[in-house]
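Numbering (the working numbering), first residue to last: 6 to 464. Worksheet: the structure to be examined is printed underneath.
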Amino acid sequence: MTYTFAELDKWDKDYVWHPFTQMKTYRQERPLIIERGNGSYLYDIEGNRYLDGYSSLWVNVHGHNHPELNQALTDQAAHIAHSTLLGAANVPSILLAKKLVELTPAGLDKVFYSDSGSTSVEIALKMAYQYWKLKDAERYADKNKFISLREAYHGDTIGSVSVGGMDTFHTIFKPLLFERIEMPAPYTYRMTADNDPETCKVHCLTELEAILREHHEEIAGLIIEPLVQGAAGMLTAPDGFLHGVRELCTRYHVLMIADEVAVGFGRTGTLFACEQENVKPDLMCIAKGLTAGYLPLAATLTTDDVYSAFLGEPHELKTFFHGHTYTGNQLACAVALKNIELLERDGLIETLPEKIEFLTQRLAAFRDLTHVGDVRQRGMMIGIELVRDRAAKEVFPPSLGVEHRVILHARQNGAIIRPLGPVIVLMPILAMSIDELDELLTITYEAIKTVTIEAGQTI
Ligand code: PMP
6 MTYTFAELDK
16 WDKDYVWHPF
26 TQMKTYRQER
36 PLIIERGNGS
46 YLYDIEGNRY
56 LDGYSSLWVN
66 VHGHNHPELN
76 QALTDQAAHI
86 AHSTLLGAAN
96 VPSILLAKKL
106 VELTPAGLDK
116 VFYSDSGSTS
126 VEIALKMAYQ
136 YWKLKDAERY
146 ADKNKFISLR
156 EAYHGDTIGS
166 VSVGGMDTFH
176 TIFKPLLFER
186 IEMPAPYTYR
196 MTADNDPETC
206 KVHCLTELEA
216 ILREHHEEIA
226 GLIIEPLVQG
236 AAGMLTAPDG
246 FLHGVRELCT
256 RYHVLMIADE
266 VAVGFGRTGT
276 LFACEQENVK
286 PDLMCIAKGL
296 TAGYLPLAAT
306 LTTDDVYSAF
316 LGEPHELKTF
326 FHGHTYTGNQ
336 LACAVALKNI
346 ELLERDGLIE
356 TLPEKIEFLT
366 QRLAAFRDLT
376 HVGDVRQRGM
386 MIGIELVRDR
396 AAKEVFPPSL
406 GVEHRVILHA
416 RQNGAIIRPL
426 GPVIVLMPIL
436 AMSIDELDEL
446 LTITYEAIKT
456 VTIEAGQTI
């Protein structure tokens with residue numbers, strides 16, 4: 006059955022409520038209705054082709070419509086789509102857990118499955134909290150809080166919102182949330198006059214130590230997005246910051262939770278971001294790239310120490326009472342296994358340094374644009390912060406909708422990208438060729454240049 010564009014446009018606006026979207030604005034615009042994908046490109050229902058500059062929300066690894074991933078999915082579907090992990094096991098989830106333990110930082114030995122980044126964070130928070138209660142309920146009675154960073158984003162469920170630090174998304178929900186202690190985010194551009202990462206790092210770690218010295222007996226864990234705070238606008242952490250956080254968590258007996266939902270699976274240039282500073286977290290959350298962008302699957306990994314605290318007789322109530330219906334879904338686990346097999350076989354991670362270097366060189370030109378305040382890059386994660394006035398680091402008035410106009414300009418010229426506040430974000434598919442990356446940057450550069458110059462003249 007086929008439908009006209011007009012019908013789909015109407016039904017989309019009549020029935021679908023889109024995430025993170027002001028529907029009043031959305032309903033006034035012509036929708037982008039994606040029908041198929043191939044490699045680095047997405048195609049809308051009218052046959053227009055776009056480079057996927059956001060990896061279909063930071064998930065795609067090997068490109069769209071990959072024959073071997075498709076095959077893994079259909080092969081598994083021919084066996085079984087889903088059975089439960091409650092009181093039963095299944096082959097793909099066993100094999101995947103073994104593989105994840107081998108690939109993630111040493112010491113992470115157990116895998117708890119869920120189905121989104123947010124749920125993997127919920128699980129990490131609940132595990133960390135319960136861990137201390139199981140270890141010694143009396144001694145650790147006050148360990149009920151979490152530290153997270155200013156501008157932190159860990160998902161949209163209530164627990165993950167509780168550890169969020171973004172005013173726009175999180176403030177309204179405050180009355181519903183549990184207590185969090187905030188440490189500064191290493192937002193070098195806005196925190197230092199001369200964009201000096203070292204000053205920023207020392208400031209943030211000193212503040213963290215002060216918090217821990219005073220409050221460590223109340224703190225169950227610290228959660229952090231390693232190397233890059235993605236949703237905050239690609240805030241790239243200074244070298245050594247993550248390592249410093251790990252050291253302080255160890256010194257003050259606080260569990261460290263690494264939220265690798267966005268940065269995992271090659272995004273920062275290594276399979277996991279923690280590797281770059283040889284950091285071993287106590288818990289680690291992964292999702293997004295785990296199935297290469299095919300299916301919803303997430304996992305929370307933890308140490309034998311945390312896992313062992315939950316062992317006991319049924320009546321002791323040490324069990325981790327948590328589990329989603331689709332936990333360990335066989336289709337998703339089978340595709341995740343194939344994703345990892347392809348990563349290893351094709352050496353995709355080994356191809357990244359050349360691409361990252363290419364991006365770095367091409368991004369230099371963006372810095373010269375009148376309305377670009379900062380360009381941040383860590384591996385294949387890029388944030389270009391737009392400003393009305395570079396000297397004052399002042400952003401454009403939101404009413405001008407500059408970032409949205411940049412995105413529409415890029416779309417007209419064949420690339421899909423997204424803004425995060427005043428930051429234009431590029432998250433290219435890891436398998437993109439250098440030529441495709443070049444095309445993406447050319448389209449983005451033109452869009453930023455044209456729209457910001459025009460906007461600059463109107464105010
Ligand atoms: N943590 C981080 C660091 C993220 O970037 C995201 C999603 N962008 C999440 C958690 C939440 O993941 P999901 O949208 O799959 O719930």
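Heads up, the beta-carbon is just placed ideally off N, CA and C, and yes, glycines get one too.
M239 to Y158 span [Cα, whole Å]:
Position 234 of the sequence shown, counted from the first residue, corresponds to residue 239. Position 153 of the sequence shown, counted from the first residue, corresponds to residue 158. Near 11 Å, if we compare the C-alpha coordinates of Y158 and M239.
So L431 packs on I387, CB below 8 Å; how close in whole Å?
For the purposes of this step, residue 431 is identified with residue 426 of the sequence shown, where counting begins at 1. For the purposes of this step, residue 387 is identified with residue 382 of the sequence shown, where counting begins at 1. Confirmed, Cβ separation roughly 4 Å.
Roughly how many angstroms separate the alpha carbons of G58 and F277, rounded to a whole number?
What you label residue 58 is simply residue 53 of the sequence shown in a count that begins at 1. What you label residue 277 is simply residue 272 of the sequence shown in a count that begins at 1. About 21 Å.
Which whole runs of the alpha helix (DSSP H) in the segment 121-203 are 4 residues long or more, in chain order?
122-141, 163-167, 172-175 and 193-196
Taking just the CA atoms, how far does R272 sit from S153?
Taking the first residue of the sequence shown as position 1, residue 153 is located at position 148. Taking the first residue of the sequence shown as position 1, residue 272 is located at position 267. Answer to the nearest angstrom: the Cα atoms are 22 Å apart.
Residue of F151, V250, Q382 and T463 minimising C-alpha distance to L210
To locate residue 210, count along the sequence shown from 1; it is residue 205. Per the Cα distances, V250.
Rounded to the nearest angstrom, what separates A83 and A341 at their Cα positions?
Taking the sequence shown and counting its residues from 1, the one referred to as residue 83 is at position 78. Taking the sequence shown and counting its residues from 1, the one referred to as residue 341 is at position 336. Roughly 17 Å separates the two Cα atoms.
Best match in L139, E408 and V64 for proximity to G461 [C-alpha to C-alpha]:
Here residue 461 is taken as the residue at index 456 of the sequence shown, counted from 1. It is E408 whose Cα lies nearest to the Cα of G461.
Within the same chain, show all residues whose beta-carbon is closer than 6 Å to that of P110, passing over the 5 residues directly before and after it, in chain order.
Taking the first residue of the sequence shown as position 1, residue 110 is located at position 105. If we look at P110 and ignore the five residues flanking it on each side, its Cβ neighbours are C279 and K285.
How would you label D120, buried or exposed, when you count the other beta carbons within 10 angstroms and need 16 or more for buried?
Here residue 120 refers to the residue found at position 115 of the sequence shown. Classification for D120: buried.
Check for me: the beta strand (DSSP E) holding F117 runs from which residue to which?
By one-based count along the sequence shown, residue 117 stands at place 112. Its beta strand (DSSP E) spans residues K115 to S119.
H67 and N344 - do their beta-carbons sit closer together than 9 Å?
Within the sequence shown, numbered from 1, the residue matching residue 344 stands at position 339. Within the sequence shown, numbered from 1, the residue matching residue 67 stands at position 62. Yes. Within cutoff.
Out of curiosity, what's the CA-to-CA distance linking H329 and F151?
One-based indexing of the sequence shown puts residue 329 at position 324. One-based indexing of the sequence shown puts residue 151 at position 146. Going by the C-alpha atoms only, they are around 23 Å apart.
Does any heavy atom of the ligand PMP sit closer than 8 Å to the C-beta of K293?
Translated into positions along the sequence shown, residue 293 becomes position 288. At least one heavy atom of the ligand PMP is nearer than 8 Å to the Cβ of K293, so yes.
Whose C-beta lies closer than 8 Å to the C-beta of E40 among residues of the same chain, with five residues either side of it excluded?
Residue numbering aside, residue 40 sits at position 35 when the sequence shown is read from its first letter. For E40, where only same-chain residues beyond five positions count, the Cβ hits under 8 Å are Y48, D49 and I50.
Just to confirm before moving on: does the CB-CB distance between Y46 and L37 stay below 9 Å?
As a working mapping, residue 46 is identified with position 41 in the sequence shown. As a working mapping, residue 37 is identified with position 32 in the sequence shown. No, these two residues do not count as a Cβ contact at 9 Å.
At which residues does the beta strand (DSSP E) containing E40 begin and terminate?
For the purposes of this step, residue 40 is taken as residue 35 along the sequence shown, with counting starting at 1. Taken as a continuous stretch (DSSP letters only), the beta strand (DSSP E) holding E40 covers I39 to N43.
Please classify A396 as buried or exposed, where buried requires at least 16 other C-beta atoms within 10 Å of its C-beta.
For this step, residue 396 is matched to residue 391 along the sequence shown. Exposed.
Could you spell out the range, first to last residue, of the beta strand (DSSP E) harbouring R383?
By 1-based counting over the sequence shown, the position of residue 383 is 378. Start and end: V377 to R383.
Measuring from the CB of H23, is there a heavy atom of the ligand PMP at a distance below 8 Å?
Taking the sequence shown and counting its residues from 1, one reaches residue 23 at position 18. Every heavy atom of the ligand PMP is 8 Å or more from the Cβ of H23, so no.
Go ahead and label W63 buried or exposed: buried means 16 or more other beta carbons lie within 10 angstroms of its beta carbon, across all protein chains shown.
In the sequence shown, counting from the first residue as 1, residue 63 sits at position 58. Counting Cβ neighbours within 10 Å, W63 comes out buried, since at least 16 surround it.
Cβ-heavy atom distance between D394 and the ligand PMP below 8 Å?
Taking the sequence shown and counting its residues from 1, one reaches residue 394 at position 389. Because no heavy atom of the ligand PMP lies under 8 Å away, the Cβ of D394 does not count as near it: no.
Residues that T79 bridges to, as DSSP identifies them
Against the sequence shown, residue 79 aligns to sequence position 74. T79 is not bridged to any residue.
What separation, rounded to the nearest whole angstrom, lies between the Cα atoms of V126 and L445?
Position 121 of the sequence shown, counted from the start, is the residue given in the question as residue 126. Position 440 of the sequence shown, counted from the start, is the residue given in the question as residue 445. Going from the Cα of V126 to the Cα of L445 covers about 32 Å.
So, is Q335 buried or exposed, given that buried needs 16 or more other C-beta atoms within 10 angstroms?
Within the sequence shown, the letter at position 330 stands for residue 335. Buried, by the Cβ-count rule.
In three-state terms, what does DSSP make of N407?
By one-based count along the sequence shown, residue 407 stands at place 402. The displayed chain sequence assigns Val, not Asn, to residue 407. V407 falls in the helix class under three-state DSSP.
If you draw a straight line from the C-alpha of L74 to the C-alpha of I99, how long is it?
Taking the first residue of the sequence shown as position 1, residue 74 is located at position 69. Taking the first residue of the sequence shown as position 1, residue 99 is located at position 94. Cα-Cα distance, rounded: 19 Å.
Please specify which runs of the alpha helix (DSSP H), each continuous and at least 4 residues long, are wholly inside the segment 230-302, giving them in chain order.
246-256
So if DSSP puts I224 in a beta bridge, which residue, or which two residues, is it bridged to?
Against the sequence shown, residue 224 aligns to sequence position 219. K150.
Am I right that E390 and Y194 are in contact with their C-beta atoms under 8 Å? What's the rounded C-beta distance?
Within the sequence shown, the letter at position 385 stands for residue 390. Within the sequence shown, the letter at position 189 stands for residue 194. The Cβ separation is near 7 Å, so the contact holds.
Taking a contact to mean a Cβ-Cβ separation below 9 Å, would you say Y299 touches A263 in this structure?
For the purposes of this step, residue 299 is identified with residue 294 of the sequence shown, where counting begins at 1. For the purposes of this step, residue 263 is identified with residue 258 of the sequence shown, where counting begins at 1. No, the Cβ-Cβ distance between Y299 and A263 is not below 9 Å.
So which of Y257, Q281, Q135 and A198 has the shortest CA-CA distance to L4?
Residue 4 lies beyond the residue range present for the chain, which begins at 6 and ends at 464; the question has no answer from this structure.
Label F178 either buried or exposed according to how many other C-beta atoms from any shown protein chain fall within 10 Å of its C-beta, with 16 as the threshold for buried.
For the purposes of this step, residue 178 is taken as the residue at position 173 of the sequence shown. With fewer than 16 other Cβ atoms within 10 Å, it is exposed.
Apart from the five residues on each side of it in sequence, which residues of its chain come closer than 8 Å, Cβ to Cβ, to L108?
One-based indexing of the sequence shown puts residue 108 at position 103. So the qualifying residues of the chain are L276, F277 and I345.
Could you compute how far the alpha carbon of E184 sits from the alpha carbon of G169?
Locating residue 184 in the sequence shown gives position 179, where the first residue counts as 1. Locating residue 169 in the sequence shown gives position 164, where the first residue counts as 1. Their Cα atoms are separated by approximately 11 Å.
When we look at the beta-carbon of W22 and count the other beta-carbons within 10 Å, is it buried (16 or more) or exposed?
Looking up residue 22 in the sequence shown gives position 17. By the 10 Å Cβ count, W22 comes out exposed.
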